[in-house]
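Trainee: Quick one: the structure is below, questions incoming.
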Amino acid sequence: LAEQVSSTTDKFSNPIDSEEENIVNLTEKLKLSKFIEALRPDIRVEVKKLGPKIFKSAVAIAKNIDNALSDDGAEINVTDFGANVSLIQPHIVDQIKTKTKVEYISRMVRIKTIDNTVFPYMSAINLKFKIENKWFSNQFFVTLNSWNAQYHAILGYDFLQRNKVVIDTVNKQLLVGNQKFNFEENSPTNVCSETTDCDISESDKNKKESFEQINNNFGDKVNVSEETFHALNVKIANNITVQPFSTVIINLKVPKNISKNKDLIFIPKKNKLGYLINESLNVPTNANLFHSIIENNTNKIIHIRKNTIMGKLSKFDVNDIMSPSESEIYQINNLNLNEIHKMRRDELLKSDFKLDHLNDKDKKDMQELLIKNYKVFSKSYKTLGETSAVIPEFSLLHNFPLQTKPYSIPLMAKKYAQQEINNLLEAGIIEPSSSSYCFPVIFIKKKQNPNDSNSEHKFRMVVDYRLLNSITETFKICLPKISEIIKNIAGRKIYCVLDLKSAFFQIKLRDEDKRKLAFCTEMGNFQPTRLPFGSKNSTSYFHTLISKCLNGITGKNVQFFLDDIIIAADSLCELKVTLQQVFDRLIKFNLTLDPAKLQLCKPEITYLGFDLNCNGFSPSEQNVNKVKNFPRPKNLKQVQMFLGMLNYFRILIYDYAGIVEPLVKLTKKNTPFVWSVECENAFNTVQEIILKKPTLKNFDPNLPISLITDASKIAICGILLQKKDNVFYPLEFFSRKLTPAECKYPSIRRELLAIYASVKHFHDQLLGENFELLTDAKPLTEYQSLDKNPEIVARWLLYLGTFSFTPTHIPGSLNPADFLSRVVEENSLNVNNITLFQPNDKLSMQNISIEQKQDAILSKIMNDLSVNKQCKQYFLDTNSGLLMIKNAHKNKKKIVNRIVIPKSLIKVCIETAHAPHFGVRETFEFIRHKYQWKGMYLDTKNFCEHCEKCLENKPKAKLTQTQMIPKRNLAPGQCIAIDVVGKLPRSTDNKNFILTIIDHYSRYLEAYPLQNITSRTIINCLNKYFANFGLPKFLITDNATNFI
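Counting in full-length UniProt numbering, the sequence shown runs from 1 upward without gaps.
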């Protein structure tokens, strides 16, 4: 380029005298100007910044810049830290690819611009670049189209965060570790909304939303007549020329009659030339001018003449915009704590508590206690408790916002949904949101009161956070075992159950987490200010809060599981003292209860699926009915559901593992579902046990303890008992199925294993206690003298030595475990013959005989046989009179006689044989065993392949996912595909196969004639190819045996 410019301007140049070396003449200036204007835009900007005075200096500078941009590391001019991701222009990537290899990476993200439109990009790359003399590496998204030519790339917040960059705006420096880099802060430019700031930061979003609010409300709030608009036309102050892909600051002039120092809104006029100007809020200078920026994103030069109308102005009153109408104001709950306490006291009534089962005195005392603690009760969202004792933290695996469309709301739920949203807004539990995160809401219908069919339907609002949960870091915490809670609290005389009002909504969220949990509805977008339902870690954080709140008072009298707190006592006085302790803790943490859900002062109560009373605990009536009404399982899924329901009550069922062992077998992998007699017995036995509502006593440390154990060939079991008034009461049952190796143990070792496993299971109750061990294995009464071999027996005996117990032998007839551990093995039935299907009546011998006589071909054969009985194949059966045919068996050692089926019965025969919907081969083998007709296999095959039931239930073939090999990353010879063509007519050199090799990049084809297609022959051909063209990175073949 420098040579071309120099040659075109040499004819105007004159020799420069030595005395005028420091003077640049007109020719030199002309050469310099032409050269700079003809440069590539990205180089031209950098050259202009350095401001060379002579032509040779400009050429040298341009070459240095071009070399720097074309360097292997691709030194790139970068700007704009407002985006969350980094972008790069496609033509810059093309330049880099010519010099060095570009590393493409797989990223699936959605990038949005400042106006919330999706920003298209081609791919993502890892790229090296340098700022001054320091090299950096960062991930860039390659844009689909080119944008502002002044910038090669945009470095986003991801670069700042990764390199811990500090921006010193005062000194205009970037601080990276101990190094400092100077930068220039350019004036903001207007970039097309389709190619600008991607996923801007939250502060930038707030500015954008404020400005958008001005724009959206402009037409509604500012009433300007048509004449006023005409009078406020804005014109350009001078002639301008805007080069392609460049930006220019322009002066715009306003009418002289406009008052100075007033805020004015400038709205640009639409144009056909392709330049862009943003709306802006301006204050004109004394010369009636204000500045704006015009950008030319086209590839053509744009000329604009002086006094061209560029847009219009209007007066702007901030009060018109910032004062929304009454319908737009959201009332936020900003009451102080004393005002909320007053509201709780005013809304609470004595009738809110259900105490009709108490006598008048006890009822009055309890009402006084409850009303006195009014601060702990809430009946509405406005008076709901709020605490910061536990601060939830939602850490995400990445910061790319997730969005989903809102779900439609059922018509019957819309009225409730609108009311629920308004109530939550009014209470300040949610607030309007402009977050880039957005998740849909589901309204789930609550159970209706069966005694009130006319009551209004109610719904529960739940946000579908499944997508957010997949990228949320897990906050793990162990919830208490329900069985332990029940055992600790059962056996008391009086119970209360307290339920928190909208429990999760009582925990405050951090400001930075609110936007992550935003949700969308048909009424708009909102974000919670309290912990929402449906979030991954909500349960763990709430359990942490209640544990902290009730720390020190939980135990024999107080237990909790999530938001359900249970209080137990042996007298009303003790109950009131414990209640007051719990109320004081809840008030301290500003947590509130729902008075409508309280269960107070009851001798028997249902808690977590169990009925609790002074006698112990048993399954609740509701759960008993579920087991009773559960249908007989017909598939694997129903068996798993039944076992899952029973597993909740396994502590109530002695030898549970042995009883349900036949059902557990059905759940094993690759086991066909066959509902046997054993399964039926197990199903009925476990139902009968649950229907009797077995009750277990609570552990009493003052009573003696006994342990009974037993073992069978399939399971071991144990029962912990206590004796009171010469009667044994069960405390807890234990059982488990034996492993295949344990089933091979001798009887005495299985009995010892039952003792060891039972003692280990009841470790907490037995350690440090002297208990009696009852077993029907008499040799185990002298367990200490048993042979210590194998080594596992020695370990069992060593563990049992840490407990203090007295072994006692009881006869098997007196052992309550013996029958239960073997109930599964009784009444077994061996089924030797199984009928797969019932034969069709049309295939009876009588009907086949009739149809044979009516068939034209078979009747002729039968007539011929009556004349000549010495036919080679066919014969008439002497007993049934049927036409039969003699065939050799497949092993050719015996002759098989088959019935010849007439044409009218072929379909019936195949339908009957295909009743179990076996495949072609199985169906054909079944038919051939007894029947025969001409074309039997083809008829069977056609019928099976067109069976509707088989086609409906045929499993779909799984698509094999193969590795994609992008062509743009390859070079010639890096990926080849091979295949064999043939068998072809034999050539003169005795070859009738061809091996084809195709280069995927260049489509170059090589063909090698082969005598055979063995693996060795193909390898020899490939070696010849590789010797000529080199080894490829990828080799594509099919699954032919000669390639594997």
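Think of the CB as a built atom: it goes at the ideal place given N, C-alpha and C, for glycine as much as any other residue.
(1) Closest by CA to residue 594, which one among 352, 552, 740 and 424?
(2) Could you please give me the residues that DSSP links to residue 1048 through a beta bridge?
(3) How would you label residue 589, buried or exposed, when you count the other beta carbons within 10 angstroms and need 16 or more for buried?
(4) Where residue 725 and residue 694 are concerned, what is the direct C-alpha to C-alpha distance, given to the nearest angstrom?
(5) Starting from residue 799 and walking both ways along the alpha helix (DSSP H), at which residues does that stretch end?
(6) Would you call residue 1041 buried or exposed, if buried means 16 or more other Cβ atoms sit within 10 Å of its Cβ?
(7) Would you call the region 538–548 and the region 470–479 in contact, with 3 or more CB pairs under 8 Å?
(8) Nearest by alpha-carbon distance to residue 732: which of 292, 763 and 712 is it?
(9) So, is residue 697 buried or exposed, given that buried needs 16 or more other C-beta atoms within 10 angstroms?
(10) Could you tell me whether the Cβ of residue 810 comes closer than 8 Å to any Cβ of chain C?
(11) In terms of alpha-carbon separation, which member of 155, 358 and 439 lies closest to residue 535?
(12) State the DSSP-derived secondary structure class of residue 460, mapped to helix, strand or coil.
(13) Look at the Cβ atom of residue 978, then the Cβ atom of residue 1037, and state whether they are nearer than 8 Å.
(14) With the cut-off set at 8 Å, would you say residue 402 and residue 472 are in Cβ contact?
(15) Give every residue of the same chain whose Cβ lies closer than 8 Å to the Cβ of residue 240, excluding the five residues on either side of it in the sequence, and list them in chain order.
(16) Please state whether the Cβ-Cβ distance between residue 278 and residue 253 is less than 8 Å.
(17) Please classify residue 203 as buried or exposed, where buried requires at least 16 neighbouring CB atoms within 10 angstroms.
(18) Taking residue 669 as the reference, give the member of 654, 699, 700 and 636 with the closest Cα.
(19) Quick check on this structure: which residue in 906, 30 and 885 has the alpha carbon closest to the alpha carbon of residue 898?
(20) Which residue comes first and which comes last in the alpha helix (DSSP H) that contains residue 644?
(21) Quick one: what's got a C-beta closer than 6 Å to residue 416's C-beta in the same chain, skipping five residues either side?
(22) If you draw a straight line from the C-alpha of residue 1029 to the C-alpha of residue 61, how long is it?
(23) So residue 708 and residue 716 are supposed to be a Cβ contact under 8 Å. How far apart are they, rounded?
(24) Name the two residues that bound the continuous beta strand (DSSP E) containing residue 242.
(25) What whole-angstrom Cβ distance do residue 848 and residue 882 have, given they're in contact under 8 Å?
(26) DSSP three-state call for residue 48: helix, strand or coil?
(27) Is residue 167 near residue 235, with beta carbons less than 8 Å apart?
(28) Give, in chain order, every unbroken run of the alpha helix (DSSP H) that is at least 4 residues long and sits entirely within the region 369–435.
(29) What is the C-beta distance between residue 1046 and residue 751, in whole angstroms, given that I count them as a contact (C-beta under 8 Å)?
(30) Taking three-plus beta-carbon pairs below 8 Å as touching, is the region 913–926 in contact with the region 939–954?
(31) From the DSSP output, in three-state form, read off residue 927 for me.
(32) Whole angstroms is fine: what's the gap from residue 487's alpha carbon to residue 382's?
(33) Since I believe residue 901 is in contact with residue 931 (beta carbons under 8 Å), could you give me their beta-carbon distance rounded to a whole number of angstroms?
(34) How is the alpha helix (DSSP H) around residue 740 delimited, first residue to last?
(35) Report all residues from its chain with a CB closer than 6 Å to the CB of residue 804; omit the five preceding and five following residues, and keep chain order.
(36) Could you compute how far the alpha carbon of residue 645 sits from the alpha carbon of residue 604?
Mentor: On the basis of the data shown:
(1) 352
(2) Because the chain here runs from 1 to 1044, residue 1048 falls outside it and cannot be looked at.
(3) buried
(4) 20 Å
(5) 791–800
(6) exposed
(7) yes
(8) 763
(9) buried
(10) This model lacks chain C altogether; it includes just one protein chain.
(11) 439
(12) strand
(13) yes
(14) no
(15) 248, 250, 294, 303 and 304
(16) no
(17) Residue placement at residue 203 cannot be trusted, given a pLDDT of 38 that sits under 50; the coordinates are not used to answer.
(18) 636
(19) 885
(20) 636–647
(21) 459
(22) 43 Å
(23) That belief does not hold up - the Cβ atoms of residue 708 and residue 716 are roughly 12 Å apart, past 8 Å.
(24) 240–242
(25) 6 Å
(26) helix
(27) no
(28) 411–427
(29) Lying outside 1 to 1044, the shown extent of the chain, residue 1046 is not represented and no answer is given.
(30) yes
(31) helix
(32) 38 Å
(33) 5 Å
(34) 740–743
(35) 770
(36) 23 Å
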